[in-house]
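**Q** Before we start, here is the structure in question, set down as structure tokens.
Number of protein chains: 2
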Amino acid sequence: MNNYTERQNQIIQESIQLIADKGIQGLTIKNISKAIGITEPAIYRHFESKNDIILAIISTMKESTAEELSHIDDENPTLEKIKKMIQGHTNRFIKNPSLTAIIFSEEIFNNNSILAKPIRMMMKMNQNKLITMIEKGQVSGDVRSDIQAEQISLMVIGSFRFLVSKWHIMNFDFDLKKEVNEMLDAIEKVLEV
Amino acid sequence: MNNYTERQNQIIQESIQLIADKGIQGLTIKNISKAIGITEPAIYRHFESKNDIILAIISTMKESTAEELSHIDDENPTLEKIKKMIQGHTNRFIKNPSLTAIIFSEEIFNNNSILAKPIRMMMKMNQNKLITMIEKGQVSGDVRSDIQAEQISLMVIGSFRFLVSKWHIMNFDFDLKKEVNEMLDAIEKVLEV
DNA sequence: TATGCGTTAGTGAATACTAACAAACGCAAC
DNA sequence: GTTGCGTTTGTTAGTATTCACTAACGCATA
Chain A
1 MNNYTERQNQ IIQESIQLIA DKGIQGLTIK NISKAIGITE PAIYRHFESK
51 NDIILAIIST MKESTAEELS HIDDENPTLE KIKKMIQGHT NRFIKNPSLT
101 AIIFSEEIFN NNSILAKPIR MMMKMNQNKL ITMIEKGQVS GDVRSDIQAE
151 QISLMVIGSF RFLVSKWHIM NFDFDLKKEV NEMLDAIEKV LEV
Chain B
1001 MNNYTERQNQ IIQESIQLIA DKGIQGLTIK NISKAIGITE PAIYRHFESK
1051 NDIILAIIST MKESTAEELS HIDDENPTLE KIKKMIQGHT NRFIKNPSLT
1101 AIIFSEEIFN NNSILAKPIR MMMKMNQNKL ITMIEKGQVS GDVRSDIQAE
1151 QISLMVIGSF RFLVSKWHIM NFDFDLKKEV NEMLDAIEKV LEV
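Protein chains in written order, with my numbering: chain A, 1 to 193; chain B, 1001 to 1193.
See below:
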């Protein structure tokens, strides 16, 4: 899967959980070690510093997002592809809700210039993927062409992010899948030629 | 304007600036006092605790947002009202960019139950305002009625939030007003009956 | 015997916050 | 006008706690 050891992956997962539960201020070496059940210095056998842990979190996010995006085949009509993409992300969030605390909260790391860069790159990558998809759809006549692909992408990603953020803020207390599908129906109507 | 003293407002403003620049981890009593030019204990002459400062930040946000929303008169057609609302917020952000670090980052305070509540209430209030607006527009025939008002609201707020978040992450390094207007044009096309 | 991975005990720096004191100011009494 | 006094708002010096991180050591396994 990735090139981290079992213990490293455990540290990464518990760290994500901590950020989701207690915010970035809850991500301390003490909390991580407590969650795993080892002592603080043991953490440093697996990561050189806390910064390295955060970098590993970002790297893991990037990888899992790329993996998710790679599933989309080029055959389906554009709207189906967008739907599948959003639904894929949704399933990932439902399986692992703590992801939502990080993947759409770039500001968390924005103060640290070392961390801000890969986050920004990941964001750009995902947006470009969707924009290219929409542009193809506009050429083939699947998607309305009177609105720029960038604007459509902004709407699709923006709506999804906002919905997922609400889900997190509401402590995952509504049926995300149902809400996402209703959102996708609305987007479909809006994008029809 | 509000019921805070001059010094209290200064503390609130510098705190917002600090969160924008350095994230929530940068919001320390030391940083606040340094930014103002007084010593740390002097801060406690004006707020009982750091938590009270954060509550004051949220309260100020709430007030300034409500003030912004109150400007919207009931006369204009719905799309014009939505445009004016978004543009009003945009002008506020351009005048005070550090606002963007807080107003759309509810997760920052989500770990603290005392803070999460007012944040959630503010969010709900703003959404309901827009939903009501859209529903009226659907009745009067201004806005397409084949999509639920909640979904339209999700799209409008989601797109705007995402654009503003990008502006913050990119260190305010693009013309927000221009991008917002392009976004509003797209939304207009999408909402037309 | 070397390596990997854990421990205990400790570092200095930063955290929110407090105690005690001092300067500045308004204001009423003389 | 000046004296005296209380309030406000600042100061210096300190608290206990928490932070990321380190040194030294133990132990199991290859």
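Think of the CB as a built atom: it goes at the ideal place given N, C-alpha and C, for glycine as much as any other residue.
Model, not experiment: these values are computed from the prediction.
What does a CB cutoff of less than 8 Å around glutamate 40 of chain A pick up in its chain, not counting 5 residues either side in sequence?
**A** The residue given as residue 40 of chain A occupies position 40 in the first sequence. Result list for glutamate 40 of chain A: Ile29, Lys30, Ser33, in chain order.
**Q** Using 9 Å as the threshold, is the C-beta distance between isoleucine 1094 of chain B and lysine 1177 of chain B below it?
**A** The count along the second sequence starts at 1 and reaches residue 1094 of chain B at position 94. The count along the second sequence starts at 1 and reaches residue 1177 of chain B at position 177. Contact flag set, yes.
**Q** List the whole-angstrom C-beta distance separating arginine 1161 of chain B from phenylalanine 174 of chain A, where the pair is believed to meet the contact cut-off of C-beta under 8 Å.
**A** Here residue 1161 of chain B corresponds to residue number 161 of the second sequence, with the count starting at 1. Here residue 174 of chain A corresponds to residue number 174 of the first sequence, with the count starting at 1. Rounded, the Cβ-Cβ distance is 19 Å, inconsistent with contact.
**Q** CA-CA distance, methionine 1085 of chain B and glycine 1137 of chain B?
**A** Counting from one through the second sequence, the residue named residue 1085 of chain B turns up at place 85. Counting from one through the second sequence, the residue named residue 1137 of chain B turns up at place 137. Their backbone Cα atoms lie some 15 Å apart in a straight line.
**Q** Report the rounded CA-to-CA distance for glutamine 1087 of chain B versus glutamine 10 of chain A, giving the unit in angstroms.
**A** As a first step, residue 1087 of chain B is located in the second sequence; it is residue number 87 there, counting from the start. As a first step, residue 10 of chain A is located in the first sequence; it is residue number 10 there, counting from the start. Near 46 Å, if we compare the C-alpha coordinates of glutamine 10 of chain A and glutamine 1087 of chain B.
**Q** For valine 1193 of chain B, which residues in chain A fall below 7 Å Cβ to Cβ?
**A** Numbered from its first residue, the second sequence carries residue 1193 of chain B at position 193. Within chain A, no residue comes near valine 1193 of chain B; the closest Cβ sits about 13 Å away, beyond 7 Å.
**Q** Do glutamate 135 of chain A and alanine 149 of chain A count as a contact pair if the criterion is CB distance below 9 Å?
**A** On the first sequence, residue 149 of chain A is found 149 positions in, with the first residue counted as 1. On the first sequence, residue 135 of chain A is found 135 positions in, with the first residue counted as 1. Against a cut-off of 9 Å, the Cβ pair of glutamate 135 of chain A and alanine 149 of chain A comes out as a contact.
**Q** Check whether the Cβ atoms of isoleucine 1169 of chain B and asparagine 110 of chain A sit closer than 9 Å, and answer yes or no.
**A** By one-based count along the second sequence, residue 1169 of chain B stands at place 169. By one-based count along the first sequence, residue 110 of chain A stands at place 110. Yes, these two residues count as a Cβ contact at 9 Å.
**Q** Are the CB atoms of lysine 1050 of chain B and proline 1118 of chain B nearer to each other than 9 Å?
**A** Here residue 1050 of chain B refers to the residue found at position 50 when the second sequence is read from its first residue. Here residue 1118 of chain B refers to the residue found at position 118 when the second sequence is read from its first residue. Going by C-beta atoms, lysine 1050 of chain B is not nearer than 9 Å to proline 1118 of chain B.
**Q** If I measure Cβ to Cβ from alanine 35 of chain A and keep anything under 8 Å in the same chain, skipping five residues before and after, which residues do I get?
**A** The count along the first sequence starts at 1 and reaches residue 35 of chain A at position 35. Cβ neighbours of alanine 35 of chain A beyond the five flanking positions: Glu14, Gln17, Leu18.
**Q** Does the CB of alanine 35 of chain A have a neighbour CB from chain B at under 9 Å?
**A** As a working mapping, residue 35 of chain A is identified with position 35 in the first sequence. Not closer than 9 Å to any Cβ of chain B, the Cβ of alanine 35 of chain A fails to qualify, so no.
**Q** Whole angstroms is fine: what's the gap from histidine 1089 of chain B's alpha carbon to methionine 1123 of chain B's?
**A** Taking the second sequence and counting its residues from 1, the one referred to as residue 1089 of chain B is at position 89. Taking the second sequence and counting its residues from 1, the one referred to as residue 1123 of chain B is at position 123. So the alpha carbons of these two residues sit roughly 14 Å apart.
**Q** Using a Cβ-Cβ cut-off of less than 8 Å, give me the residues of the stretch 156 to 178 of chain A that come near chain B, in sequence order.
**A** Answer in chain order: Ile157, Gly158, Ser159, Phe160, Arg161, Phe162, Leu163, Ser165, Lys166, His168, Ile169, Met170.
**Q** Valine 1143 of chain B by DSSP, collapsed to three states: which one?
**A** Taking the first residue of the second sequence as position 1, residue 1143 of chain B is located at position 143. It is coil, neither helix nor strand.
**Q** Are the CB atoms of isoleucine 1157 of chain B and asparagine 1128 of chain B within a distance shorter than 9 Å?
**A** Translated into the one-based positions of the second sequence, residue 1128 of chain B becomes position 128. Translated into the one-based positions of the second sequence, residue 1157 of chain B becomes position 157. No. Outside cutoff.
**Q** So within the stretch 63 to 142 of chain A, which uninterrupted alpha helix (DSSP H) runs reach at least 4 residues, ignoring any that extend past its ends?
**A** Counting whole runs of 4 or more residues, the stretch 63 to 142 of chain A contains the alpha helix (DSSP H) stretches 78 to 95, 100 to 103, 113 to 139.
**Q** Using 8 Å for Cβ pairs, my map puts leucine 79 of chain A next to serine 1159 of chain B. What's the rounded Cβ distance?
**A** Residue mapping note: residue 79 of chain A aligns to position 79 of the first sequence, counting from 1. Residue mapping note: residue 1159 of chain B aligns to position 159 of the second sequence, counting from 1. Between serine 1159 of chain B and leucine 79 of chain A the Cβ distance is about 18 Å, and since that is not below 8 Å, they are no contact.
**Q** Kindly indicate which three-state DSSP category serine 1049 of chain B falls into: helix, strand or coil?
**A** Residue 1049 of chain B sits at position 49 when you count from the first residue of the second sequence. Coil at serine 1049 of chain B, not helix or strand.
**Q** What in chain B is Cβ-close to aspartate 146 of chain A, meaning under 8 Å?
**A** Taking the first residue of the first sequence as position 1, residue 146 of chain A is located at position 146. Residues of chain B passing the Cβ test: Lys1189.
**Q** Skipping 5 residues on each side, what residues in its chain have a beta carbon closer than 7 Å to that of tryptophan 167 of chain A?
**A** In the first sequence, counting from the first residue as 1, residue 167 of chain A sits at position 167. Excluding residues within five positions, the ones whose Cβ falls inside 7 Å are Thr100, Phe174, Leu176.
**Q** Name the residues in the stretch 18 to 29 of chain A whose C-beta lies less than 8 Å from a C-beta of chain B; which are they?
**A** For the stretch 18 to 29 of chain A, which is checked against every Cβ of chain B, the residues closer than 8 Å are Asp21, Lys22, Gly23, Ile24, Gln25, Gly26.
**Q** Quick one, which of B:Glu1179, B:Ile1103, B:Ile1038 has its alpha-carbon nearest arginine 1120 of chain B's?
**A** In the second sequence, residue 1120 of chain B corresponds to position 120, counting from 1. The candidate whose alpha carbon is nearest that of arginine 1120 of chain B is B:Ile1103.
**Q** DSSP on threonine 1060 of chain B, reduced to helix/strand/coil?
**A** Taking the second sequence and counting its residues from 1, one reaches residue 1060 of chain B at position 60. Threonine 1060 of chain B: helix per DSSP, three-state reduction.
**Q** From the beta carbon of leucine 1130 of chain B, is the nearest beta carbon of chain A less than 9 Å away?
**A** Locating residue 1130 of chain B in the second sequence gives position 130, where the first residue counts as 1. Not closer than 9 Å to any Cβ of chain A, the Cβ of leucine 1130 of chain B fails to qualify, so no.
**Q** Which value, in whole angstroms, describes the spacing of the CA atoms of alanine 1186 of chain B and leucine 184 of chain A?
**A** Within the second sequence, numbered from 1, the residue matching residue 1186 of chain B stands at position 186. Within the first sequence, numbered from 1, the residue matching residue 184 of chain A stands at position 184. Their backbone Cα atoms lie some 18 Å apart in a straight line.
**Q** With 9 Å as the threshold, decide whether the Cβ of aspartate 185 of chain A is near any Cβ in chain B.
**A** Position 185 of the first sequence, counted from the first residue, corresponds to residue 185 of chain A. With 9 Å as the cut-off, aspartate 185 of chain A counts as an interface residue toward chain B.
**Q** Name the chain A residues whose beta carbon is nearer than 9 Å to that of isoleucine 1108 of chain B?
**A** The residue you call residue 1108 of chain B lines up with position 108 of the second sequence. The answer, in chain order, is Gly23, Ile24, Ser105, Glu107, Ile108.
**Q** To the nearest whole angstrom, what separates the beta carbons of glycine 141 of chain A and valine 193 of chain A, a pair I think is in contact under 8 Å?
**A** In the first sequence, residue 141 of chain A corresponds to position 141, counting from 1. In the first sequence, residue 193 of chain A corresponds to position 193, counting from 1. Between valine 193 of chain A and glycine 141 of chain A the Cβ distance is about 6 Å, and since that is below 8 Å, they are a contact.
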